[in-house]
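Report on the structure given below.
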Amino acid sequence: MQVKEVKTEGLRHDFEIKVPANDIQKMVEDELQNIGKTAKLPGFRPGKIPLDVLKQKYSRHVLADVLEKAVQQSSSKAMQDKKLQPAMQPKIEVKEFDEGKDLIYTMSVEVLPEFKVMDLKGLKVEKPVAKVEEKAVQEILDNVASQNRELAPIKEDRKAKKGDILSIDFHGKRADGFEVDGMHGHGHDLELGAGQFIPGFEDQLIGAKKGDHVHVNVTFPEQYHSADLAGQDAVFHVDVNEIQEGKPAKVNDALAKKLGLEDEKALRKAVEDQITNDYESFSRMKLKKSLLDRLDEGHDFELPEAMIEQEHAHIVQQLEKEAEQKGEKLSDAEKDELKPLAERRVRLGIVLAEIGRERKIEVNQQELQQAVIREAQKYPGQEKAVFDYYSKNPQVLESLKAPIYEDKVIDSILADAEIKEKSVTVDELQADDDELPTKKKPAAKKKAPAKKAASTAKKKKS
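Residue numbering for the sequence shown follows the working numbering, starting at 3 and increasing by one per position.
Okay, here's the thing in structure tokens:
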């Protein structure tokens, strides 16, 4: 194999690679012999078919397989010999390939940048904390009382309204008539306006009366966990068996016992603990944001353009979907404003990956399984469908690794950091942060303004 580097520009390396005809011929013969072990042709016993007969029968198919294998093996070896770490899959363009001839192709590959991780020992970061106030506790207790109200069928002959609980039977199909598990139920209690079902379902039952048969037309979200339903139109046939309303329960020992707690004091303590955990989650997010800002500011190196383009396209696609749901559209200017956000995410991804590599951090199978369980818990009653979805889609399962890996790396960094707590109000603690810091980067770096479109981006790496 001959490898000639024809051009180097920044992180991009262009090569011309030649695989000798003899090597290609041997790969073809090896492949034909493998086929010959199981092939069945009239007049020949399996494993006894002459090579020239196999070649005549299977040469076109074999050549295609050999081309793919030869390119994969030779390109990998070329990068390994040159000690290159590709940022993404290289771009391949075949120049010459035919039976009895050399394989000649070009390979263009962007490599990961070489850089030194900033000193992380004693890194100073700020963690905002907020005090749990009685007002917040009482607000949740009131919600608990409302959720545990005593239900009774409505007395008057009226239509269902928001807040009513309907006892329904339902049976659904996709618009094309295909039935999917989980699209039917019997005696299900559904609170109108609670958002228990997919968007649009409950709204179409407002105004229904006891005994009504209602056709509910919906479109499942594009990101719905079932591949058979994601983005699909569907119709549900719904029978309204009963319409109920209720009065909020009183916050007392009786309510606490109903919820499995000893008394009202224990109920209040459980609520306080819940709020404390919620506040800790917000504190963690802002602490993580502060740390990522420091890592972003502390590293300045060239970024692979292909990675930036891919991340930018992902962000734009995500925000375009959100804008479309609101009947809006992203302008070209707003899309351009998202470029610094893509650069930040790529930079941080590379930095965190390098820190994780240096510290030998990995995601184990148990952690991945726990992530799947957490996803399944988001869809009560449909857990099996979620497990099946991930077991049948390894690439989707693999995508769960990234946030776990990131959190493990961040926890490792925080273990060596100096964390200073700062008291803030609840509103300040829960306020959304722009993913991009408003201040400019050092002069050697590109500017990263927190523009409107960027500020609406979800916190993939906040």
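Glycine included, every Cβ here is placed at the ideal spot set by N, Cα and C. These figures come from a predicted structure and were not determined experimentally.
For residue i, which three-state DSSP category applies?
{"i": "R176", "result": "strand"}
{"i": "P130", "result": "strand"}
{"i": "D465", "result": "Nothing about residue 465 can be reported from this structure: the residues present for the chain run from 3 to 464 only."}
{"i": "I363", "result": "coil"}
{"i": "F389", "result": "helix"}
{"i": "F238", "result": "strand"}
{"i": "E244", "result": "strand"}
{"i": "K39", "result": "coil"}
{"i": "Q4", "result": "strand"}
{"i": "E423", "result": "strand"}
{"i": "E135", "result": "coil"}
{"i": "K118", "result": "coil"}
{"i": "K410", "result": "helix"}
{"i": "K28", "result": "helix"}
{"i": "E437", "result": "coil"}
{"i": "Q368", "result": "helix"}
{"i": "E11", "result": "strand"}
Tell me the rounded alpha-carbon separation between residue i and residue j.
{"i": "I26", "j": "Q74", "result": "13 Å"}
{"i": "A72", "j": "P52", "result": "24 Å"}
{"i": "S148", "j": "P88", "result": "57 Å"}
{"i": "I375", "j": "Q367", "result": "12 Å"}
{"i": "K323", "j": "A80", "result": "41 Å"}
{"i": "P22", "j": "G49", "result": "29 Å"}
{"i": "I106", "j": "I37", "result": "26 Å"}
{"i": "A417", "j": "L354", "result": "15 Å"}
{"i": "D265", "j": "N254", "result": "7 Å"}
{"i": "G12", "j": "L438", "result": "26 Å"}
{"i": "K39", "j": "Q225", "result": "45 Å"}
{"i": "Q198", "j": "E356", "result": "42 Å"}
{"i": "K20", "j": "K84", "result": "16 Å"}
{"i": "E369", "j": "E98", "result": "47 Å"}
{"i": "S425", "j": "Y281", "result": "12 Å"}
{"i": "E408", "j": "L293", "result": "12 Å"}
{"i": "Q372", "j": "G262", "result": "26 Å"}
{"i": "G219", "j": "D205", "result": "Note that residue 219 corresponds to Asn in the displayed sequence, not to Gly. If I take the Cα positions, the gap works out to 11 Å."}
{"i": "D390", "j": "Q312", "result": "29 Å"}
{"i": "D302", "j": "K126", "result": "20 Å"}
{"i": "P201", "j": "A404", "result": "29 Å"}
{"i": "I94", "j": "L69", "result": "12 Å"}
{"i": "L340", "j": "P130", "result": "27 Å"}
{"i": "E112", "j": "H15", "result": "6 Å"}
{"i": "E360", "j": "L269", "result": "46 Å"}
{"i": "K2", "j": "K362", "result": "An answer regarding residue 2 cannot be provided, because it is not within the stretch 3 to 464 covered by the chain."}
{"i": "V273", "j": "A433", "result": "22 Å"}
{"i": "K442", "j": "E345", "result": "Below a pLDDT of 50, predicted positions are generally treated as unreliable, and K442, at 41, falls in that range; no measurement from the model is reported."}
{"i": "F203", "j": "R347", "result": "37 Å"}
{"i": "G102", "j": "S77", "result": "21 Å"}
{"i": "V43", "j": "G179", "result": "According to the sequence shown, residue 43 is Leu rather than Val. Going by the C-alpha atoms only, they are around 44 Å apart."}
{"i": "K133", "j": "N279", "result": "12 Å"}
Check for me: the beta strand (DSSP E) holding residue i runs from which residue to which?
{"i": "Y107", "result": "105-112"}
{"i": "R14", "result": "14-21"}
{"i": "D100", "result": "First-last for D100: undefined, no H or E at that position."}
Whose C-beta lies closer than 6 Å to the C-beta of residue i among residues of the same chain, with five residues either side of it excluded?
{"i": "L231", "result": "V182, F222"}
{"i": "E18", "result": "K6, V8, T108"}
{"i": "L399", "result": "Y392"}
{"i": "A187", "result": "In the sequence on display, residue 187 carries Gly and not Ala. Once the five neighbours on either side are set aside, the close Cβ partners of G187 are F172."}
{"i": "L114", "result": "Q87, A89"}
{"i": "G124", "result": "E420"}
Counting along the chain, where does the alpha helix (DSSP H) carrying residue i start and finish?
{"i": "H63", "result": "53-83"}
{"i": "K259", "result": "255-260"}
{"i": "Q91", "result": "No alpha helix (DSSP H) holds Q91; DSSP gives it neither H nor E."}
{"i": "E311", "result": "307-327"}
{"i": "K288", "result": "266-299"}
{"i": "V398", "result": "396-401"}
{"i": "K50", "result": "Run containing K50: none; DSSP gives neither H nor E here."}
{"i": "E339", "result": "334-339"}
What residues in its chain sit with their C-beta under 7 Å from that of residue i, if we drop five residues either side in the sequence?
{"i": "K249", "result": "R151, E152"}
{"i": "A251", "result": "A147, N150, R151, E152, L257"}
{"i": "L34", "result": "L53, L56, K57, Y60, V64"}
{"i": "F117", "result": "H301, F303"}
{"i": "L350", "result": "L294, L297, D298, K463"}
{"i": "K380", "result": "none"}
So, for residue i: in the same chain, excluding its five sequence neighbours on each side, which residues have a beta-carbon less than 8 Å away from its beta-carbon?
{"i": "A162", "result": "L168, L194, L207, I208, G209, A210, K211, V242, I245"}
{"i": "L122", "result": "I357, I415, D418, A419"}
How about residue i: is its Cβ closer than 8 Å to a heavy atom in the ligand SAH?
{"i": "E136", "result": "Within the structure as shown, the ligand SAH is missing, as the structure has no ligands at all."}
Kindly provide the ranges of any alpha helix (DSSP H) runs that are 4 or more residues long and lie completely inside the segment 143-226, ordered along the chain. none
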